[in-house]
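K.L.:
Mind looking over this structure? Questions follow.
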């Protein structure tokens, strides 16, 4: 008999406490983000697709078009082309394409680059209607970032 | 004026009351649906519906239109008549109790001398609708849901009736208007706190809401008795559920919280309705909070709770009340 009443007491008390917890949560501000309207800053460690590093001094790419990234890519999705310009000793980059449909974001190209000319981009809003939309022209993206 | 004078004025009054009540019923379902989703959202620290209208206020209207536009699917091998009748059976009896509820001193469609019994009997018809829906659907889940609804309803109807009876013993009448009238000085929640508590708990169970939502139990029975219903069939069950909640809350207000009584307002005979609705929606808010706080009980726990705790307590309560009234 004693147990019967003590059960009612402890049970009832825990139920009221539970209501208190939810009521407190009801009064607190919301924590979710209304995604398309608000966006939170992406962490700098985010590994999106690759991008060329912009050299702030020369205002151009660091890439020497050695083709290491192209060779090391396990998915074979990078295409690099360099051309020897007149009056210059080294090759200049003229084409840098990434087929993002095949890329597995392994990061081997970034690791292998001798000049550290590749970085991960912060892009995460990637959606499109066609496959071709994911054939990125990385060089063009760099041109757009140039001031 | 010619057409009106041949009709008896009482009939016109009833007709107007029924129209107002039915339109209010839909409005209540829309408001409750919105409130429920909004409160559920904020309890879980998210905003709830935000897209349609200011803070999603038109969300339920849009949902209603969607449900109206949906096809009424009738599954293979079901009992077609029962399947079609069930939603109507769930929707119709919830209109009738609203006719005898006194919203304020003068705002009452009809003051039956057996008003309380009328409400309880109409409440039981709703369970019938769930049984018909479950049986007619030719589906295991629906069948289980219906069986659970019946067992649960039988178990919880007894404490509800006993707690109501305690109030009836005190004011010696079944008429809701007179019960409210008897609470002029002191609300019965002060004199009958145990009965009030039992009534609210059993009322939540009676409306099949969480934590007692075993007939629907989406994690066990997909959707219970309304698994097979789509479009308007489903929304009639939905409106029925919200109206049932409203009825349970308003009966609690009438029996325990002093109905339309409150600080004096001008035109108090009519504007008492403000106090009435404030009390009712406070109780409904409490019911929503209960739903989003507690996990669903198991079926044996549910029946144990009714028979081992609520029924003995309400018996003792009614016994004490009877002795005290007699003294």
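Residue numbers (this note's numbering), protein chains in the order written: chain A, 17 to 163; chain B, 45 to 371. Quick reminder that beta carbons are idealized off the backbone N, C-alpha and C, glycines included. Please read these numbers as outputs of a predicted model, since none were measured by experiment.
Is residue 123/A closer than 9 Å to residue 63/A when the C-beta atoms are compared?
P.N.:
Cβ distance < 9 Å, so residue 63/A and residue 123/A count as in contact.
K.L.:
Helix, strand or coil for residue 341/B? Go by DSSP, reduced to three states.
P.N.:
Residue 341/B: coil per DSSP, three-state reduction.
K.L.:
Answer yes or no: the CB of residue 259/B versus the heavy atoms of the ligand MG, is any distance below 8 Å?
P.N.:
Inclusion of the ligand MG in the displayed structure is not the case, the ligand content being empty and no account of it being possible.
K.L.:
Check whether the Cβ of residue 56/A lies closer than 9 Å to any Cβ atom in chain B.
P.N.:
Answer no: the Cβ-Cβ gap between residue 56/A and chain B never drops below 9 Å.
K.L.:
If contacts are defined as beta-carbon pairs under 8 Å, then residue 97/B and residue 91/B qualify, I think. What distance do you get, rounded to the angstrom?
P.N.:
Actually they do not touch by this definition, with Cβ atoms about 14 Å apart.
K.L.:
Taking C-beta pairs closer than 7 Å, name the residues in chain B that residue 41/A reaches, listed in chain order.
P.N.:
Neighbours of residue 41/A on chain B, chain order: 87, 89.
K.L.:
Thinking C-alpha only, which one of 87/B, 53/B, 357/B is nearest residue 40/A?
P.N.:
It is 87/B.
K.L.:
By Cβ distance below 7 Å, which residues in the same chain neighbour residue 205/B in space, the five residues on each side in sequence not counted?
P.N.:
So the list reads 164, once near-sequence residues are dropped.
K.L.:
Below 6 Å CB to CB, which residues in the same chain sit around residue 283/B once its five sequence neighbours on both sides are set aside?
P.N.:
Correct list, in chain order: 73.
K.L.:
Would residue 200/B pass as a contact of residue 250/B if the rule is Cβ separation under 9 Å?
P.N.:
Yes, the Cβ-Cβ distance between residue 200/B and residue 250/B is below 9 Å.
K.L.:
Answer yes or no: do residue 340/B and residue 255/B have a C-beta to C-beta separation smaller than 9 Å?
P.N.:
Their beta carbons are under 9 Å apart, which means residue 340/B touches residue 255/B by this criterion.
K.L.:
Can you give the Cα-Cα distance for residue 364/B and residue 257/B, rounded to whole angstroms?
P.N.:
Those two C-alpha atoms are separated by around 32 Å.
K.L.:
Report yes if the C-beta distance between residue 189/B and residue 130/B is below 9 Å; otherwise report no.
P.N.:
Cβ distance not < 9 Å, so residue 189/B and residue 130/B don't count as in contact.
K.L.:
Buried or exposed, going by whether 16 or more other CB atoms sit within 10 Å of the CB of residue 16/A?
P.N.:
The structure shown does not extend to residue 16/A, since chain A is modelled only from 17 to 163, so the question has no answer here.
K.L.:
Hey, how far is the Cα of residue 45/B from the Cα of residue 139/B?
P.N.:
Any answer about residue 45/B is weak, because its pLDDT of 46 lies below 50 and its placement is not dependable; what the coordinates show is given next. Cα to Cα, residue 45/B sits roughly 29 Å from residue 139/B.
K.L.:
Using only alpha-carbon positions, find the residue among 167/B, 305/B, 281/B, 192/B that is nearest to residue 291/B.
P.N.:
Residue 291/B has its Cα closest to that of 167/B, out of 167/B, 305/B, 281/B, 192/B.
K.L.:
Return no unless some Cβ of chain A is closer than 9 Å to the Cβ of residue 331/B.
P.N.:
No, residue 331/B lies away from the interface with chain A (no Cβ there is under 9 Å from its Cβ).
K.L.:
Can you find a C-beta in chain A that's less than 9 Å from the C-beta of residue 336/B?
P.N.:
So, interface residue.
K.L.:
Considering only the alpha carbon of each residue, which of 80/A, 144/A, 152/A lies closest to residue 129/A?
P.N.:
It is 80/A whose Cα lies nearest to the Cα of residue 129/A.
K.L.:
Taking just the CA atoms, how far does residue 138/A sit from residue 55/A?
P.N.:
Approximately 13 Å between the Cα atoms of the pair.
K.L.:
Would you decide whether residue 348/B is buried or exposed? Buried here means 16 or more other CB atoms lie within 10 Å of its CB.
P.N.:
Exposed, since its Cβ has fewer than 16 Cβ neighbours within 10 Å.
K.L.:
Measuring straight from C-alpha to C-alpha, what distance separates residue 270/B and residue 277/B?
P.N.:
So the alpha carbons of these two residues sit roughly 9 Å apart.
K.L.:
Quick test of the definition: if touching needs 3 or more C-beta pairs under 8 Å, does the segment 292-302 of chain B touch the segment 313-324 of chain B?
P.N.:
Touching, per the Cβ criterion.
K.L.:
Residues bridged to residue 113/A by DSSP?
P.N.:
The partner list for residue 113/A (beta bridge, DSSP) reads 95/A, 153/A.
K.L.:
For a contact defined as C-beta to C-beta under 8 Å, what are the partners of residue 44/A on chain B?
P.N.:
Here the neighbours are 89.
K.L.:
Whole angstroms is fine: what's the gap from residue 228/B's alpha carbon to residue 305/B's?
P.N.:
In a straight line, the C-alpha of residue 228/B is about 7 Å away from that of residue 305/B.
K.L.:
State yes or no: is the beta carbon of residue 362/B nearer than 9 Å to at least one beta carbon in chain A?
P.N.:
So no, residue 362/B is outside the interface.
K.L.:
Can you have a look at residue 360/B and say buried or exposed, based on whether 16 or more other CB atoms are within 10 angstroms of its CB?
P.N.:
With fewer than 16 Cβ atoms within 10 Å of its Cβ, residue 360/B is classed as exposed.
K.L.:
Could you give the first and the last residue of the continuous beta strand (DSSP E) run that contains residue 135/A?
P.N.:
Its beta strand (DSSP E) spans residues 134-136.
K.L.:
Taking DSSP as the reference, what is the three-state secondary structure of residue 66/A?
P.N.:
Of the three classes helix, strand and coil, the one that applies to residue 66/A here is strand, per DSSP.
K.L.:
Counting only C-beta atoms, is residue 31/A closer than 9 Å to chain B at any point?
P.N.:
Yes - at least one Cβ of chain B is within 9 Å of the one on residue 31/A.
K.L.:
Only counting runs of 4 or more residues, tell me where the alpha helix (DSSP H) segments fall wholly within the segment 177-241 of chain B, in order along the chain.
P.N.:
Runs found: 184-215, 220-225, 232-235.
K.L.:
Buried or exposed: where does residue 286/B fall if 16 or more other Cβ atoms within 10 Å of its Cβ makes it buried?
P.N.:
That one is buried.
K.L.:
Return the residues of the segment 92-115 of chain B that lie within a Cβ-Cβ distance of less than 8 Å from chain A, sorted by chain order.
P.N.:
If the cut-off is 8 Å between Cβ atoms, the segment 92-115 of chain B has 94 near chain A.
K.L.:
Strictly below 8 Å CB to CB, what residues from chain A border residue 353/B?
P.N.:
Per Cβ cutoff of 8 Å: 24.
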